[in-house]
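Take a look at the structure set out below.
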Amino acid sequence: MLRSMLDLENYAIGATDGEVGHVTDIYFDDQAWVIRYLVVDTGSWLISRKVLISPYAIQEADWAHKRLPVRLTREQVEGSPDVDTQKPVSRQHEMDYADYYNYPYYWGGEGFWGDGMYFPVAPERSEDAKARARAERERHKDDDPHLRSCKAVMGHQVHATDGDIGHVQGMLVDEQTWAIRYLVVNTSDWWMGNKVLIPPEWITDISWSEFSVSIKLTRETVRNSPRYESSDQLNREQEMALYRHYDRPNYWEREHAREIGSMT
C-alpha cells in the first residue's frame with residue numbers, strides 16, 4: 005500500500021523497551037528515490053537530540069495509531085552516531101551508522117537496498133561480509149550519498165516541456181520497500197487546483213538551487229491525466245489507469261522482471 009510521506013511526520017518511534025521520539029523529517033535518495041532515514045527528535049529523553057532511524061529497523065507499522073515500532077533498544081539509539089541535521093549527511097557518516105548497527109551497506113547494487121528491491125528482515129553481517137564492508141568503506145568513503153530532506157523538496161516548481169504545471173505538494177511511499185512511487189503535484193498555480201501524480205523516474209532534471217523539477221511531458225498530457233484524491237483511495241486499478249494514460253511501463257512489472265532477471 006502507498007502512504008503519504010507528509011502523514012509520517014510526527015509519527016512516534018517505539019523501541020523494544022520504550023518510546024524514542026517522533027519523526028520530524030525524512031531523508032530520501034534522489035537517485036534511487038527511496039527513503040533512507042527517518043529523522044527523529046528524541047525530546048526530553050536525550051535533551052532533544054536528533055537521531056537517524058533506518059527502514060532496516062522498522063517492524064510492522066501501526067498506521068492506525070501513527071506509531072512505527074523498531075527492533076532497537078533505547079540504549080542502542082542513545083549510543084548511535086550523532087547527526088547534524090543542518091549539514092548534509094556524508095557517506096562517511098552513513099558507513100559509521102551502518103557499522104554501529106551492523107547493517108549492510110545499501111549502495112553498490114541494482115535494487116533499492118543493495119542487490120534486492122526489498123531489505124532483509126533482520127540484516128546481519130557474517131565475517132566475510134564484515135571483510136567486504138571494510139573494503140567498501142575505503143572504496144566509497146568519498147561518495148555523494150544524494151540524500152535530500154523531504155521538507156526541502158516541498159514547493160518545488162514542476163516544469164513540463166511547454167510550461168509550468170504546478171508545485172510538489174507531497175510524495176507517496178511504498179510501505180513494503182520505502183520507495184517513493186509518486187510525486188503529488190498541485191496544479192493550482194495553473195489549473196483549478198487539481199492534483200496529479202508523477203512517478204519520479206519520469207523526472208529529467210532537478211535543480212535544487214532553483215527549486216525546480218523538470219519532466220518530459222506536455223501540459224496537455226498532464227491536464228488529461230487521472231486526478232489524484234488521496235493515498236487512502238489510490239488502488240492498483242487507478243495506478244494502471246495512470247500508466248495507460250501516459251503509455252509507459254509500470255513500476256511493479258518492471259521491478260518483478262528485474263527480480264526474475266537477478267535470479268537467473
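In terms of the numbering used here, the sequence shown has 124 at position 120, counting the first letter as 1, and numbering is strictly consecutive. The beta-carbon is built from N, C-alpha and C at its ideal position, and this holds for glycine as well. It should be emphasised that the depicted structure is a prediction, and the values quoted were computed from it without experimental measurement.
Within 8 Å, strictly: CB atoms of residue i and residue j
| i | j | result |
| --- | --- | --- |
| L151 | V172 | no |
| M175 | I169 | no |
| L56 | Y101 | yes |
| V74 | A61 | yes |
| T20 | L76 | yes |
| D11 | S153 | no |
| V81 | V87 | no |
| F215 | G159 | yes |
| R71 | A16 | yes |
Inter-residue spacing [alpha-carbon to alpha-carbon] between residue i and residue j
| i | j | result |
| --- | --- | --- |
| N14 | V27 | 5 Å |
| D34 | L42 | 15 Å |
| H260 | N254 | 10 Å |
| F32 | R40 | 5 Å |
| A68 | K91 | 33 Å |
| P59 | S213 | 28 Å |
| E205 | W37 | 8 Å |
| V125 | Y110 | Note that V125 scores 46 on pLDDT, short of 50, meaning its location in the model is unreliable; the coordinates nonetheless yield the value given after this. Near 14 Å, if we compare the C-alpha coordinates of Y110 and V125. |
| V217 | R240 | 26 Å |
| D193 | V200 | 13 Å |
| R248 | I51 | 51 Å |
| L221 | D236 | 26 Å |
| R262 | N228 | 31 Å |
| T89 | R223 | 37 Å |
| Q63 | G47 | 22 Å |
| N198 | P230 | 10 Å |
| Q96 | P85 | 11 Å |
| Q180 | E233 | 22 Å |
Reference residue i; option with closest CA among the options
| i | options | result |
| --- | --- | --- |
| V226 | Y109, P203, V93 | P203 |
| D45 | K54, I210, I39, S216 | K54 |
| E79 | H97, W49, D11 | W49 |
| R7 | L238, S218, R95 | L238 |
| M5 | T89, W182, R71, I264 | W182 |
| N190 | V157, E98, V162 | V162 |
Delimiting residues of the beta strand (DSSP E) encompassing residue i
| i | result |
| --- | --- |
| Q35 | Run containing Q35: none; DSSP gives neither H nor E here. |
| A164 | 161-164 |
| K199 | 199-202 |
| A183 | Here A183 belongs to no beta strand (DSSP E), and DSSP marks it neither H nor E. |
| A16 | 16-19 |
| K54 | 54-57 |
| V157 | No beta strand (DSSP E) holds V157; the alpha helix (DSSP H) holding it covers 154-157. |
Range of the contiguous alpha helix (DSSP H) that encloses residue i
| i | result |
| --- | --- |
| Y247 | 240-250 |
| A102 | 95-105 |
| Q80 | 78-82 |
| T225 | 223-227 |
| V172 | Note, V172: premise wrong, no alpha helix (DSSP H); beta strand (DSSP E) at 167-178. |
Local Cβ density within 10 Å of residue i, reported as buried at 16 or more and exposed below that
| i | result |
| --- | --- |
| D178 | buried |
| M121 | With a pLDDT of only 49 at M121, under 50, the local geometry of the prediction cannot be trusted, and the value read off the model is given with reservation. Looking at its Cβ environment, which holds 16 or more other Cβ atoms inside 10 Å, M121 is buried. |
| E243 | buried |
| G18 | buried |
| I3 | Because the chain spans 5 through 268 in this model, residue 3 falls outside it and cannot be assessed. |
| T276 | As shown, the chain starts at 5 and ends at 268. That puts residue 276 outside it, with no answer to give. |
| G293 | Outside the displayed span of the chain (5 to 268) sits residue 293, for which this structure offers no information. |
| M9 | buried |
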